[in-house]
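Undergrad: Chains as they are written, first to last, in this note's numbering: chain A, 1 to 116; chain B, 1001 to 1117.
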Amino acid sequence: AQTVTQSQPEMSVQEAETVTLSCTYDTSENNYYLFWYKQPPSRQMILVIRQEAYKQQNATENRFSVNFQKAAKSFSLKISDSQLGDTAMYFCAFMNYGGSQGNLIFGKGTKLSVKP
Amino acid sequence: DTGVSQDPRHKITKRGQNVTFRCDPISEHNRLYWYRQTLGQGPEFLTYFQNEAQLEKSRLLSDRFSAERPKGSFSTLEIQRTEQGDSAMYLCASSLRPTVQVSNEQFFGPGTRLTVL
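(1) Are the CB atoms of Leu34/A and Phe75/A nearer to each other than 9 Å?
(2) Beta-carbon within less than 8 Å of Ile1117/B's beta-carbon, same chain only, minus the 5 sequence neighbours each way: which residues are those?
(3) DSSP puts Ala1067/B in a beta bridge; with which residues?
(4) Buried or exposed: where does Tyr37/A fall if 16 or more other Cβ atoms within 10 Å of its Cβ makes it buried?
(5) Taking Cβ-Cβ distances below 9 Å as the criterion, which residues of the segment 1008 to 1030 of chain B are in contact with chain A?
(6) Between Phe1108/B and Gly102/A, what straight-line distance do the alpha-carbon atoms span, to the nearest angstrom?
(7) Does DSSP classify Asp81/A as helix, strand or coil?
(8) For the beta strand (DSSP E) that contains Asp1024/B, what are its first and last residues?
(9) Consult DSSP for Gln1050/B and reduce its assignment to one of helix, strand or coil.
(10) Measuring only the C-alpha atoms, how far is Met11/A from Phe106/A?
(11) For Ala1067/B, count neighbouring Cβ atoms within 10 angstroms of its own Cβ and tell me buried if that reaches 16, exposed if not.
(12) Look up Gln57/A in the DSSP assignment and say whether it is helix, strand or coil.
(13) Quick check on the DSSP output: the beta strand (DSSP E) that includes Arg1036/B runs from which residue to which?
(14) Under a Cβ-count criterion, where at least 16 other Cβ atoms within 10 Å of its own Cβ denotes burial, should Asn1018/B be classed as buried or exposed?
(15) I'd like to know whether the C-beta atoms of Gly1042/B and Ala93/A end up nearer to each other than 9 Å.
(16) Does any residue of chain A bring its CB to less than 9 Å from the CB of Leu1060/B?
Here's what the structure looks like:
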C-alpha cells in the first residue's frame, strides 16, 4: 500500500521569504502522480501543483515549485516570495497512474503560517 | 459559481441517528469522490464513482455507510446509526476521467462537518 509522510506538522515563514515543505512517499509503482493541495482556514482545498512521475523536469507554477527526487521518493514544495495569503494547511498527495485508479492518498499535512 | 457544492455545510446529530449528505459535482465531471477528514489528519478516501457506477470502496466504508450516484450527476452519502467516531469533515471532489490529454485534477467542495453527540 502507498503511504505519504509529511514530517513537519507546522512551519512559519516571514512574508517575502522562501520556505520548503517536505514530503516523502512509499510505493512500488513506477508510474504515478504527486500533488500539493492547499487548504486555507475554513475554505476548500485547492490544487497548488502536480507532478507526473515519468517527467524528470520539476513542475513550477508561478511562486510554487517542486523538487521531485524519484529514486529517493521525495517531493518537496518550495514557496518563494511568501505572501500572507499562503497561510494554510498544505497536503502532499499521491495517485496511482491508470484509468481505473482514482483516489488520492494524502499525508497528514503541514500547517504553514506566513508572518508579516 | 460552478464549483463543487455540498449540503449541508454543518450537521449535528445524536448517536444512533441516520444522516445523509449531498454533493453536486462540476457539471461536466464524470468522476465523483468522497473523502473523510478528521482533525489534524489529511483526507482519507472513502469511495468513488465514474458516472453512476461505484468503482472503488475503501475499507473505511463500513456497512453503515452507503453512497449513491443514481443518475451520474449528484451523489449522496448516508451514514446509518451514527457513532461518535463518525464525527469528521466529509469532503466531496469531482474530476474528469483522466486521459493522456485530460488532467486528473480533483476539485474539492467545501465539505460537510458532522458532529455526533
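Ideal Cβ placement from N, Cα and C applies to all residues, glycine included. What you are looking at is a predicted structure, and each value in this text was computed from that prediction instead of being measured.
TA: On the basis of the coordinates in this document:
(1) yes
(2) Rather than Ile, the amino acid found at residue 1117/B in this sequence is Leu. Same-chain partners within the cutoff: Ile1012, Thr1013, Lys1014, Arg1015 and Gln1084.
(3) Beta-bridge analysis with DSSP links Ala1067/B to Leu1077/B.
(4) buried
(5) Cβ proximity to chain A below 9 Å picks out nothing from the segment 1008 to 1030 of chain B.
(6) 14 Å
(7) coil
(8) Residues Val1019 to Asp1024.
(9) strand
(10) 18 Å
(11) buried
(12) If DSSP states are grouped into helix, strand and coil, Gln57/A belongs with coil.
(13) Arg1031 to Gln1037
(14) exposed
(15) yes
(16) no
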